[in-house]
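Encoded as structure tokens, the structure appears first; notes follow it.
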Amino acid sequence: MSELKNNEERGSWGSRIGFILAAAGSAVGLGNVWKFPYLTGEYGGAVFIVTYIVLLVLVGFTIMLAELVLGRHSQQGPVGAYRAIKQKWAWVGAIGILASYLILTYYSVIGGWIIKYIVSALSGNFNTTDTEALGGIFTTFIGQPFEPLVYHAIFMIMTLGIVMGGIQGGIEKASKILMPALFIILIAVVIRAVTLPGAAAGLEYMLKPDWSKLNIKTIVAALVQVFFSLSLGMGVIITYGSYLGKGENLPLSAVQIPLLDSAAALLSAFAILPAVFALGYNPSAGPGLLFITLPGVFAKMPMGSFFGVLFFVFVLFAAVSSSISLLEAAVTYFVDEHKWERRKATIVLGLVAFLIGVPSSLANGTFGGVTFINGMNFFDSMSFFAENLLLPLSAFMLSIFIGWVWGIDKAVLEATNNGKVKFGFEKIWTFSIKYIAPIAIGFILLQNVITLFK
Ligand code: PHE
Numbered sequence: 089m090s091e092l093k094n095n096e097e098r099g100s101w102g103s104r105i106g107f108i109l110a111a112a113g114s115a116v117g118l119g120n121v122w123k124f125p126y127l128t129g130e131y132g133g134a135v136f137i138v139t140y141i142v143l144l145v146l147v148g149f150t151i152m153l154a155e156l157v158l159g160r161h162s163q164q165g166p167v168g169a170y171r172a173i174k175q176k177w178a179w180v181g182a183i184g185i186l187a188s189y190l191i192l193t194y195y196s197v198i199g200g201w202i203i204k205y206i207v208s209a210l211s212g213n214f215n216t217t218d219t220e221a222l223g224g225i226f227t228t229f230i231g232q233p234f235e236p237l238v239y240h241a242i243f244m245i246m247t248l249g250i251v252m253g254g255i256q257g258g259i260e261k262a263s264k265i266l267m268p269a270l271f272i273i274l275i276a277v278v279i280r281a282v283t284l285p286g287a288a289a290g291l292e293y294m295l296k297p298d299w300s301k302l303n304i305k306t307i308v309a310a311l312v313q314v315f316f317s318l319s320l321g322m323g324v325i326i327t328y329g330s331y332l333g334k335g336e337n338l339p340l341s342a343v344q345i346p347l348l349d350s351a352a353a354l355l356s357a358f359a360i361l362p363a364v365f366a367l368g369y370n371p372s373a374g375p376g377l378l379f380i381t382l383p384g385v386f387a388k389m390p391m392g393s394f395f396g397v398l399f400f401v402f403v404l405f406a407a408v409s410s411s412i413s414l415l416e417a418a419v420t421y422f423v424d425e426h427k428w429e430r431r432k433a434t435i436v437l438g439l440v441a442f443l444i445g446v447p448s449s450l451a452n453g454t455f456g457g458v459t460f461i462n463g464m465n466f467f468d469s470m471s472f473f474a475e476n477l478l479l480p481l482s483a484f485m486l487s488i489f490i491g492w493v494w495g496i497d498k499a500v501l502e503a504t505n506n507g508k509v510k511f512g513f514e515k516i517w518t519f520s521i522k523y524i525a526p527i528a529i530g531f532i533l534l535q536n537v538i539t540l541f542k
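Here it is, written out as structure tokens:
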């Protein structure tokens with residue numbers, strides 16, 4: 089199926105599967121393995137999962153296709169893509185790049201925790217199912233001033249190294265082996281987790297929605313997570329789309345990428361939440377969930393420390409294949425628009441991102457009492473600003489741009505390769521991009537802006 093035409097100056101994806109894997113590599117990351125399970129625990133289980141899926145279908149898929157269409161049409165990064173159609177809209181592309189760059193700063197802090205856990209698992213530190221002990225190990229570690237910074241630096245250097253060296257040979261090849269491997273090990277962990285004595289309560293929690301828990305907060309959290317997890321609203325998918333050939337089937341891709349991404353998220357939740365119940369831990373414990381309960385699961389598994397190391401290695405890989413796309417968006421921007429050398433752009437931007445990440449790391453300990461937005465510490469304020477304000481803003485503007493400014497007919501022509509590709513849900517998509525998406529996203533944006541002034 090590699091009928092992609094070669095765009096000689098810019099290069100393009102080598103094959104269809106290469107593109108899908110790279111896009112899935114960006115999408116599948118800490119958002120799936122770390123964030124989705126703890127959000128599910130925090131927002132009431134099945135209710136959150138159902139809300140997430142509904143918003144994914146209604147809005148996530150719509151925006152995914154819109155970004156692919158915009159990127160491929162212009163064959164340019166986000167700023168150039170808007171500019172090519174309407175000069176005045178270039179800033180929307182810039183908002184997306186700023187969002188992904190800010191996310192990188194704290195994403196790398198969490199990435200560092202994963203590396204620490206690989207080291208700990210290798211030295212057999214997790215041979216206990218006592219969640220209190222495991223919780224203690226975790227909070228003590230992230231609360232230290234110095235050690236987490238070292239791991240944050242290591243993660244950032246890995247990201248830099250790959251972005252500097254070019255992505256095709258390394259990450260694309262590695263994705264083809266490691267992504268399937270991640271799925272296989274996830275399934276193994278799910279099987280262990282759901283067969284633990286006491287896991288049934290967790291399964292019920294994840295499968296039986298308790299609608300009384302549905303409220304605006306759940307909806308806001310779910311939509312923000314849809315964007316974060318699919319790498320939307322940040323120019324990343326626009327950029328990846330810009331390397332696609334004119335023969336590529338965009339509607340199909342816009343379905344396949346979210347499918348892979350949600351499969352990874354659901355598997356992760358099934359790997360973690362039943363075990364949380366089985367081990368008597370609190371499902372709404374927040375960001376520590378992955379780091380506290382999974383070691384407990386591995387301790388109960390035959391050859392657990394082996395699987396534990398393997399699992400965290402794959403998670404690290406998933407995280408790195410996402411973080412390179414976060415950095416790449418900003419690097420591309422400085423290379424294209426300001427004519428920086430790639431090497432210089434990567435080093436400068438990576439270093440600055442590391443520095444901005446330092447207070448985020450310290451916010452889990454020494455610096456935790458210092459608050460910024462609304463009583464939130466630095467880490468939470470950063471993530472609120474980037475994910476709850478910048479992301480919806482850029483996605484909202486995108487839907488207005490495609491639906492109303494550029495013209496939906498032109499977008500449909502691009503999506504169908506001038507009518508050559510079957511587009512079964514064309515009507516649904518055009519309706520969603522014009523009405524459902526902007527209304528839903530606008531509503532969420534408004535909610536978040538209101539929070540700001542509370
Ligand atoms: N989607 C990635 C994840 O779920 C994070 C990410 C966001 C990557 C935005 C690129 C752009 O972990």
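Per my numbering, the sequence shown starts with residue 89, numbered consecutively.
Beta carbons are placed, not taken as given, at the ideal position from N, Cα and C, and that holds for glycine.
As the structure is a prediction and not an experimental result, all values here were calculated from the model.
Thr381 and Lys388 have their C-alpha atoms spaced approximately 11 Å apart.
Between the C-alpha atoms of Ser409 and Ser330 there is a straight-line separation of about 18 Å. Positions of the beta strand (DSSP E) runs, each at least 3 residues long and wholly inside the stretch 387–413, cannot be given because no such run exists. If you compare the alpha carbons of Leu266, Ala418 and Gly445 with that of Lys432, the shortest gap goes to Ala418.
A direct Cα-to-Cα measurement between Glu514 and Leu340 gives close to 12 Å.
The three-state secondary structure of Asn462, taken from DSSP, is helix. Annotation for Ser449: Val197, Pro236, Leu237 and His240 place their beta carbon closer than 7 Å to its own, counting only its chain and skipping 5 residues before and after.
The alpha carbon of Gly148 has as its nearest neighbour, out of Ile524, Leu534 and Ile273, the alpha carbon of Ile524. Annotation: the continuous alpha helix (DSSP H) that includes Thr327 extends over Val324 to Gly329. Residue nearest to Lys305 within the set Met246, Thr128 and Glu429 is Thr128 (criterion: CA-CA distance). Taking a C-beta distance under 8 Å as the contact criterion, Ala451 and Phe466 qualify as a contact pair. Residue range Glu514 to Phe519 is occupied by the alpha helix (DSSP H) that includes Trp517. Annotated as proximal: Leu479 and Gly321, with beta-carbon spacing under 8 Å.
With a cutoff of 8 Å on beta-carbon distance, Ile435 and Leu190 are scored as not near each other. The chain-ordered list of residues whose CB is nearer than 6 Å to some heavy atom of ligand 1 reads Ser114, Ala115, Gly117, Leu118, Gly119, Asn120, Ser188, Ile191, Phe316, Ser317, Ser319, Met322, Val324, Ser410, Ser413 and Leu414. Within the stretch 181–264, the alpha helix (DSSP H) runs of at least 4 residues that lie entirely inside it are, in chain order, 219–231 and 235–253.
Proximity to Val207 across Ile488, Leu404 and Gly453 peaks at Leu404, based on C-alpha coordinates. Close CB contacts of Lys264 within its chain, under the 7 Å cut and outside five residues either way in sequence, are with Leu109 (chain order). Residue range Leu338 to Ala366 is occupied by the alpha helix (DSSP H) that includes Ser350. For the options Ser114, Thr504, Arg104 and Ala134, the alpha carbon positioned closest to that of Ala310 is the one of Ala134. Each residue's CA atom was taken as its position, placing Glu502 and Ala483 some 19 Å apart. With contacts defined by Cβ atoms closer than 8 Å, Ile488 and Pro447 do not form a contacting pair. Sorting Leu415, Gly507 and Phe394 by C-alpha distance to the C-alpha of Ala209 places Phe394 at the top.
Taking the CA atoms as reference points, Lys542 sits about 36 Å from Pro362. Membership of Ile524 in any alpha helix (DSSP H) is not indicated, and neither H nor E is assigned to it by DSSP. In the same chain as Gly200, and ignoring 5 residues on each side of it, the C-beta atoms closer than 7 Å to its own belong to Pro236, Tyr239, His240, Ile242 and Phe243, in chain order. Using a C-beta cut-off of 8 Å, the stretch 222–229 makes no contact with the stretch 179–189, since fewer than three inter-stretch Cβ pairs fall below that distance.
For Glu130, the enclosing alpha helix (DSSP H) has its first and last residue at Phe124 to Glu130.
Residue range Arg430 to Leu450 is occupied by the alpha helix (DSSP H) that includes Ser449.
Distance from the CA of Pro375 to the CA of Tyr126, rounded to the nearest whole angstrom, comes to 6 Å. For Val324, the closest alpha carbon among the candidates Asn370, Met267, Leu415 and Val308 is that of Leu415. Distance from Val157 to Ala366 at the Cβ level is roughly 45 Å; contact not present, criterion being Cβ atoms closer than 8 Å.
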